[in-house]
Amino acid sequence: EVQLVESGGGLVQPGRSLKLSCAASGFTFSNYYMAWVRQAPKKGLEWVATISTSGSRTYYPDSVKGRFTISRDNAKSSLYLQMNSLKSEDTATYYCARREYFDFWGPGTMVTVSS
Amino acid sequence: DIQMTQSPSLLSASVGDRVTLSCKASQNIYKYLNWYQQKLGEAPKLLIYYTNSLQTGIPSRFSGSGSGTDFTLTISSLQPEDVATYYCYQYNSGPYTFGAGTKLELK
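Residue numbers (the numbering used here), protein chains in the order written: chain A, 100 to 214; chain B, -11 to 95.
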């Protein structure tokens, strides 16, 4: 059974950093692109980042480019999202998802950016 | 950026109704269009990928159609458990974008 479990969310001040993790199981992690998607409170979904199987290619929307970094450790079946220079508009539930088109999702981890 | 417009934003229907949700892209996205279902308090779930391919485990009452800029999600006979918000998503070209969602409720 495919399982994705995010961790690392919490309350952080504007301008600070936070690193999210996603532990994957139930499939061969190294064979799949992985992604992060977020959802602000009571809002819609926003794609945040995608990474290739080897980690050599990464993709971001302009809203997070230069501030967020997606990475992976295939030996640990883990996905990461390093978030720097956080802003209040980054407040959201962050989901880890499999494939470029998100065929499986984790339950999410909440990030609140507030002073 | 490709804008995805979903309509209606809110839809009320009765159990057993045939329900149609619309999604329009601002540019040609060929068939690179997915549909997701999100129930209250849960993570989204993939229903349909590449316009009309049913994800494993999804009931056959869900179907998708379209190409280019106009797409449709159809529920052939609405069930109580289908109450949710439905999102379309294009992955033809970056930045990849979601529609704002259609909230489906029971009448």
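Positions of the beta carbon are idealized from the N, C-alpha and C atoms, including for glycine.
- Within the same chain, and ignoring the five residues on either side of A72(B) in sequence, the residues whose Cβ sits closer than 7 angstroms to its Cβ are Q25, Q26, K27, L92.
- DSSP lists Q181(A) as the bridge partner or partners of K118(A).
- Following the DSSP letters along the chain, one finds V147(A) inside the beta strand (DSSP E) bounded by residues 144 to 150.
- Residues of the stretch 64 to 85 of chain B whose Cβ lies closer than 9 angstroms to any Cβ of chain A, in chain order: T73, Y75, Y77, Y79, G82, P83, Y84, T85.
- Closest by C-alpha distance to I46(B), out of E69(B), P(-4)(B), S0(B), is E69(B).
- By the criterion of a C-beta distance shorter than 7 angstroms, Q78(B) is surrounded in its chain by I(-10), M(-8), A13, I17, Y20, L21, Y84, T85, once the five residues flanking it on both sides are discounted.
- Sorting T127(A), L110(A), E100(A), G108(A) by C-alpha distance to the C-alpha of K175(A) places T127(A) at the top.
- G108(A) is a Cβ neighbour of T208(A), given a cutoff of 7 angstroms.
- For F167(A), the secondary structure class from DSSP, reduced to helix, strand or coil, is strand.
- Judged by beta-carbon spacing, Q102(A) lies within the 7 angstroms limit of S124(A), meaning their Cβ atoms are closer than that value.
- As summarised for the stretch 36 to 83 of chain B, the continuous beta strand (DSSP E) elements at least 3 residues long and confined to that stretch are 50 to 55, 58 to 63, 72 to 78, given in chain order.
- Closer than 7 angstroms at the C-beta level to chain A, one finds these residues of the stretch 1 to 25 of chain B: N22.
- Interface annotation, P140(A): not in contact with chain B, CB-CB separation never under 7 angstroms.
- For D5(B), the closest of R49(B), T60(B), Y37(B), N80(B) by C-alpha to C-alpha distance is R49(B).
- With fewer than 16 neighbouring CB atoms inside 10 Å of its own CB, G114(A) falls in the exposed class.
- Under a criterion of Cβ atoms nearer than 7 angstroms, the residues of chain A adjacent to P32(B) are, in order, L144, W204.
- Against chain A, a Cβ distance below 7 angstroms from G89(B) picks out G143.
- Looking at the DSSP output, F86(B) bridges to Y77(B).
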